[in-house]
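Each protein sequence line maps, in turn, to chains A and B. Under full-length UniProt numbering, the first residue of the first sequence is numbered 1, with each subsequent residue one higher. Under full-length UniProt numbering, the first residue of the second sequence is numbered 1, with each subsequent residue one higher. Ideal placement from N, C-alpha and C gives every residue a C-beta, glycine not left out. In what follows, a single structure is set out as structure tokens and then discussed.
Protein chains: 2
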Amino acid sequence: MIATTVPDVATAAGTAASAWAATPHHHRARALDGIAAALEDDVTGIVEVAAAETSLGRDRITSELARTTFQLRLFADLVREGAHLRTVVSRADPQAPVAPRPDLRRTLVPIGPVAVFAAGNFPLAFSVAGTDTASALAAGCPVVVKVNPGHPRTSDRVARLVTVALRDAGAPDGVFAIVHGFAAGAELVSHPAISAATFTGSVRGGRALFDLAAARPVPIPFFGELGSLNSLTVTAAAARDRGAEIAADLAASVLLGGGQFCTKPGLVLLPRTPEGARVETELARLVAAAPAVILLDDHVHDGFAASCRALEADDRVRLLAAGGVAAGAATPALYAVEGAPLPDVALEECFGPAVVVASYADDAELLTLAGGLPGALTATVHSQAEDSDLLTRLVATLAPRVGRLVFDQYPTGVAVDPAMQHGGPYPSSTDPRFGSVGTAAIDRFLRPIAYQNAPPSILPRELQN
Amino acid sequence: MIATTVPDVATAAGTAASAWAATPHHHRARALDGIAAALEDDVTGIVEVAAAETSLGRDRITSELARTTFQLRLFADLVREGAHLRTVVSRADPQAPVAPRPDLRRTLVPIGPVAVFAAGNFPLAFSVAGTDTASALAAGCPVVVKVNPGHPRTSDRVARLVTVALRDAGAPDGVFAIVHGFAAGAELVSHPAISAATFTGSVRGGRALFDLAAARPVPIPFFGELGSLNSLTVTAAAARDRGAEIAADLAASVLLGGGQFCTKPGLVLLPRTPEGARVETELARLVAAAPAVILLDDHVHDGFAASCRALEADDRVRLLAAGGVAAGAATPALYAVEGAPLPDVALEECFGPAVVVASYADDAELLTLAGGLPGALTATVHSQAEDSDLLTRLVATLAPRVGRLVFDQYPTGVAVDPAMQHGGPYPSSTDPRFGSVGTAAIDRFLRPIAYQNAPPSILPRELQN
């Protein structure tokens with residue numbers, strides 16, 4: 001393991017901040033491209049290590065590495081282009097309404113060193129060189145990654161590649177580092193040199209770090225992506241016309257990657273009609289046929305088991321189907337509950353291969369159920385053309401609760417795109433105004449600065465005439 | 001006093017949220033225009049009440065009302081135009097890199113009901129119908145204003161006009177309300193229906209409310225504008241070439257409005273040269289000649305007195321000049337301190353007609369002093385062309401600490417403009433990524449939402465083809 005201490009790396013990040021902020025944008029872009037190239041050059045080694053210490057398999061690791069290098073280059077291109085700075089230039093105007101206006105020019109500057117808490121479920125794309133690191137470096141912020149304990153050797157290997165690539169690109173010392181260990185996390189988020197933090201993980205762990213960030217003498221923004229229920233509603237017409245197809249695709253979405261995606265559908269709202277019952281039956285058949293799955297690590301395994309126990313302990317929740325059983329592996333599960341209001345346990349994320357089906361009697365009960373949903377990354381609706389009135393009311397109820405609305409598709413699979421929003425109302429995110437996927441992720445690490453009546457020599461390049 | 005309870009108005013705001021969010025943008029714009037017109041129609045009455053219960057005088061009140069109506073119309077125009085939604089439309093692309101891309105469309109939606117803590121020093125422009133209220137309503141958020149105790153009757157009068165104008169424009173019931181009283185503030189920021197809060201006031205009061213907002217079961221963004229030191233540096237060359245002019249304009253900036261602006265220069269860095277000493281002497285002469293001033297209210301008066309006592313209690317701080325004395329009024333004051341590091345008391349905002357002059361021996365000591373400054377809304381530098389190397393280094397040191405850099409002008413007078421940034425690192429703001437003046441103020445109250453594969457009938461107008 002790469003051995004570093006939080007005070008050392010945080011202080012070094014603080015020292016590197018001004019030099020990295022002052023590094024021309026195209027140099028920063030070249031450094032990100034260099035990291036991408038270094039990861040690609042080591043694809044065999046990375047896949048070997050990551051496959052050995054996670055349960056994800058070589059194909060998934062390989063495609064995740066491709067996503068990771070794509071993201072690094074996406075942010076390199078973004079920084080080269082410069083539109084993310086949203087510059088505004090207002091020339092002096094002695095006749096401006098209300099009061100004469102001085103020459104005012106506004107751009108965005110890096111917020112300062114960022115602490116990145118790596119995710120466990122994406123050992124590359126949301127880990128040491130993942131989207132948080134890429135977007136923070138692109139913004140001009142040094143990065144200290146708190147490594148996820150689920151893949152320490154992958155983290156060390158990637159960290160070495162990142163460090164060398166940054167050095168080769170002429171980046172200042174201290175601009176990037178990693179730390180290991182649970183205690184390092186709390187120490188990092190509390191360190192005065194750190195200006196922002198990102199986190200992907202559990203509600204409990206994320207909230208504890210959020211509380212530390214808010215309680216600092218100088219509070220800092222904390223971008224936590226915690227738990228998300230990701231409801232999926234099937235209308236009676238959709239169950240009637242596409243029930244079998246929906247059941248098959250939904251089961252695939254729930255079971256994809258062992259159910260270990262933050263956008264896994266966790267609650268399915270089905271009509272209490274014969275066609276709705278057939279969707280449920282088909283889902284039960286598919287879940288029962290699913291093999292046991294080795295989860296990411298013991299921590300995730302124990303969390304999944306605890307969630308299942310909590311569901312089974314509730315009088316109103318029935319276990320409808322259970323999949324394969326194997327030592328040390330998780331058994332896929334389908335639970336059912338009827339009518340509004342749902343028990344609290346059915347409104348919490350169950351991270352792993354399980355899903356709860358809740359049935360509704362009519363549109364009114366569906367809207368009541370939708371109105372009781374917690375904040376989430378996504379909500380999905382499967383409907384038919386004849387549902388247009390219901391759909392309008394349903395969307396009005398769901399939209400205030402989510403960051404992304406999905407229609408007749410599935411929420412897993414999060415496109416890396418400027419139009420993506422991966423972040424939603426609490427507890428899915430600690431700040432729903434930002435997201436962690438796609439180019440908008442850079443917005444988290446920039447703050448505005450205005451130059452008033454500045455001599456041209458002082459102005460950043462993007463604000464010059 | 002308009003008598004309302006927090007649970008009543010917060011719940012009503014929560015109920016109004018979806019209807020106001022769904023109100024077409026041009027209707028929202030018309031409502032803002034209607035508020036502006038209603039305030040203008042009552043200019044005589046508003047000025048009379050505000051002049052009677054504040055010490056600001058009719059001219060200032062009248063010009064502040066013009067600023068207030070200008071702001072309301074600025075946000076109306078912004079909402080009509082729609083660029084603040086920063087929409088992105090990405091059509092489906094089966095050949096997209098990494099993975100096929102679904103149709104994705106991103107816009108911004110209102111964050112939900114906003115609690116506005118009105119400022120004491122701007123009874124109109126940052127109060128009941130001020131920029132926080134205007135930008136939140138423009139964003140589509142209901143508003144509950146916690147009235148500032150310094151101008152309750154003005155607040156009630158403006159609130160009645162706002163309420164009627166919104167009703168006349170067809171806005172839903174509950175979209176706007178005010179509450180009075182200290183206890184109502186804490187209750188409001190903790191109420192589950194409230195989704196964000198803004199605050200302008202003291203570090204102590206603002207931090208207490210920030211802590212409440214962060215400690216909620218569902219934490220909410222809290223935009224506090226707390227205390228700002230606003231350093232102003234004069235180089236040796238500027239003191240030599242423009243010393244008398246700088247002293248006169250600086251004294252005017254410090255004493256403007258009784259020093260009760262959040263951008264008042266609070267610390268002046270002067271060279272320890274004969275020309276620097278002359279600037280200090282001239283400043284002392286002007287401060288000594290300034291009359292005593294009635295401050296906004298007893299709370300501000302007591303705070304100013306406490307700040308002055310703290311400065312006078314420090315061994316290293318000397319009182320250089322004191323202005324007029326009058327019963328119940330504040331005496332303008334000029335303090336001096338030498339060299340780095342400055343005592344803590346010289347690094348805190350003193351809200352009112354006082355300023356501290358700190359002298360530096362050379363460029364190195366100036367840069368050391370600048371490097372020890374706290375986060376602030378602004379920093380100002382007066383220099384000459386020959387200072388270009390020093391200026392570059394000084395700006396590199398100051399920029400990470402402020403939201404606005406002012407050159408050869410003065411920080412008081414905050415232009416209402418898209419290029420303005422009125423917000424800086426803590427403690428000047430609780431979140432330096434946002435500002436409270438100009439069109440960018442609306443960004444605080446919007447969050448992104450993405451529509452994936454949505455039927456056209458469901459898409460918000462701005463996302464349709």
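CB contact check: residue 102/B to chain A, cutoff 7 Å: The sequence position of residue 102/B within the second sequence is 102, counting from 1. So yes, residue 102/B belongs to the interface.
Residue(s) in a DSSP beta bridge with residue 429/B: Residue mapping note: residue 429/B aligns to position 429 of the second sequence, counting from 1. Answer by DSSP bridge pairing, in chain order: 225/B.
Any C-beta of chain A under 7 Å from that of residue 134/B: In the second sequence, counting from the first residue as 1, residue 134/B sits at position 134. Taking Cβ atoms only, chain A never reaches closer than 7 Å to residue 134/B, which makes this a no.
Three-way DSSP call (helix, strand, coil) for residue 198/B in this model: Residue numbering aside, residue 198/B sits at position 198 when the second sequence is read from its first letter. Reduced to three states, the DSSP call for residue 198/B is strand.
Burial state of residue 420/A (16 or more Cβ within 10 Å): Taking the first residue of the first sequence as position 1, residue 420/A is located at position 420. With 16 or more Cβ atoms within 10 Å of its Cβ, residue 420/A is classed as buried.
Which residues DSSP lists as bridging residue 93/A, in chain order: Position 93 of the first sequence holds residue 93/A. 101/A, per the DSSP bridge assignment.
DSSP-derived helix/strand/coil call for residue 343/B: Locating residue 343/B in the second sequence gives position 343, where the first residue counts as 1. Three-state DSSP puts residue 343/B in coil, outside helix and strand.
contact_flag[the segment 125-134 of chain B, the segment 425-439 of chain A] where n(CB pairs < 8 Å) is 3 or more: no
Extent of the continuous beta strand (DSSP E) run through residue 271/A: Position 271 of the first sequence, counting from 1, holds the residue named residue 271/A. Per DSSP, residue 271/A belongs to the beta strand (DSSP E) from 267-271.
Inter-residue CB distance, residue 56/A and residue 447/A (contact presumed, cutoff 8 Å): Position 56 of the first sequence holds residue 56/A. Position 447 of the first sequence holds residue 447/A. At roughly 36 Å, the Cβ-Cβ gap does not stay under 8 Å, so residue 56/A and residue 447/A are not in contact.
Residue 221/B, buried or exposed, once every other Cβ within 10 Å from all chains shown has been counted against 16: Numbered from its first residue, the second sequence carries residue 221/B at position 221. Burial call: buried.
Residue 348/B versus residue 152/B - alpha carbon distance: For the purposes of this step, residue 348/B is identified with residue 348 of the second sequence, where counting begins at 1. For the purposes of this step, residue 152/B is identified with residue 152 of the second sequence, where counting begins at 1. Each residue's Cα considered, the two are about 29 Å apart.
Rounded C-alpha distance that separates residue 193/A from residue 258/B: Here residue 193/A is taken as the residue at index 193 of the first sequence, counted from 1. Here residue 258/B is taken as the residue at index 258 of the second sequence, counted from 1. About 37 Å.
CA-to-CA distance, residue 357/A to residue 452/A, given in whole angstroms: Mapped onto the first sequence, residue 452/A falls at position 452. Mapped onto the first sequence, residue 357/A falls at position 357. Roughly 58 Å between the two C-alpha positions.
Start-to-end residues for the beta strand (DSSP E) that takes in residue 318/B: Along the second sequence, read from residue 1 onward, the residue named residue 318/B stands at position 318. Note, residue 318/B: beta strand (DSSP E), 318-322.
Between the CA atoms of residue 36/A and residue 163/A - distance to the nearest angstrom: Position 163 of the first sequence, counted from the start, is the residue given in the question as residue 163/A. Position 36 of the first sequence, counted from the start, is the residue given in the question as residue 36/A. So the alpha carbons of these two residues sit roughly 12 Å apart.
7 Å Cβ cutoff, residue 448/B in contact with chain A: Counting from one through the second sequence, the residue named residue 448/B turns up at place 448. True, the Cβ-Cβ gap to chain A drops below 7 Å.
Where residue 302/B meets chain A, residues with beta-carbon distance less than 9 Å: Numbered from its first residue, the second sequence carries residue 302/B at position 302. Going along chain A, no residue has its Cβ under 9 Å from residue 302/B, so there is no contact; the nearest lies around 25 Å.
Chain-order list of residues whose beta-carbon lies under 6 Å from that of residue 12/A (same chain, five-residue window excluded): Taking the first residue of the first sequence as position 1, residue 12/A is located at position 12. If we look at residue 12/A and ignore the five residues flanking it on each side, its Cβ neighbours are 174.
Interface residues of the segment 228-253 of chain A facing chain B [CB-CB below 7 Å]: none
Residues from the segment 386-409 of chain A in contact with chain B, defined by Cβ distance under 9 Å: 388, 391, 392, 395, 396, 397, 399, 400, 402, 403, 404, 405, 406, 407, 408 and 409
Runs of alpha helix (DSSP H) wholly within the segment 286-321 of chain A (minimum 4 residues, chain order): 298-313
Short CB-CB distance (under 7 Å) between residue 105/A and chain B: One-based indexing of the first sequence puts residue 105/A at position 105. Judged by the 7 Å Cβ criterion, residue 105/A is in contact with chain B.
Element boundaries [beta strand (DSSP E), containing residue 448/A]: Position 448 of the first sequence, counted from the start, is the residue given in the question as residue 448/A. It spans 446-452 - the beta strand (DSSP E) in which residue 448/A sits, taken as one unbroken run.
Proximity test, Cβ basis, 7 Å: residue 433/A and chain B: For the purposes of this step, residue 433/A is identified with residue 433 of the first sequence, where counting begins at 1. Chain B contact via Cβ: present.
Distance CB(residue 297/A)-CB(residue 201/A) smaller than 7 Å: Looking up residue 297/A in the first sequence gives position 297. Looking up residue 201/A in the first sequence gives position 201. No; because the gap between Cβ atoms is not below 7 Å, this pair is not in contact.
Local conformation of residue 147/B per DSSP, three classes: By 1-based counting over the second sequence, the position of residue 147/B is 147. Of the three classes helix, strand and coil, the one that applies to residue 147/B here is coil, per DSSP.
Beta carbon proximity, residue 93/A to chain B, threshold 7 Å: Counted from its first residue, the first sequence places residue 93/A at position 93. Judged by the 7 Å Cβ criterion, residue 93/A is not in contact with chain B.
Reduced DSSP secondary structure (H/G/I, E/B, other) of residue 438/B: Numbered from 1 along the second sequence, position 438 holds the residue referred to as residue 438/B. The answer is coil: DSSP assigns residue 438/B none of H, G, I, E or B.
Residue 21/B, enclosing alpha helix (DSSP H) - first and last residue: The count along the second sequence starts at 1 and reaches residue 21/B at position 21. Start and end: 6-22.
Nearest neighbour of residue 156/A, chosen from 61/A, 45/A, 199/A and 342/A [CA to CA]: Residue 156/A sits at position 156 when you count from the first residue of the first sequence. It is 45/A whose Cα lies nearest to the Cα of residue 156/A.
Contact the segment 363-376 of chain A vs the segment 397-408 of chain A: 3+ CB pairs below 8 Å: yes
Run of the beta strand (DSSP E) containing residue 422/A, from where it starts to where it stops: Here residue 422/A refers to the residue found at position 422 when the first sequence is read from its first residue. Neither: residue 422/A is in no beta strand (DSSP E) and is coded neither H nor E.
Spatial distance of residue 463/A from residue 85/A (CA atoms): Counted from its first residue, the first sequence places residue 463/A at position 463. Counted from its first residue, the first sequence places residue 85/A at position 85. Taking the straight line from one Cα to the other gives about 10 Å.
Where residue 476/A meets chain B, residues with beta-carbon distance less than 7 Å: In the structure as shown, chain A begins at 1 and stops at 465. Residue 476/A is therefore absent and cannot be evaluated.
Any C-beta of chain B under 7 Å from that of residue 67/A: Here the question's residue 67/A lines up with position 67 in the first sequence. With 7 Å as the cut-off, residue 67/A counts as an interface residue toward chain B.
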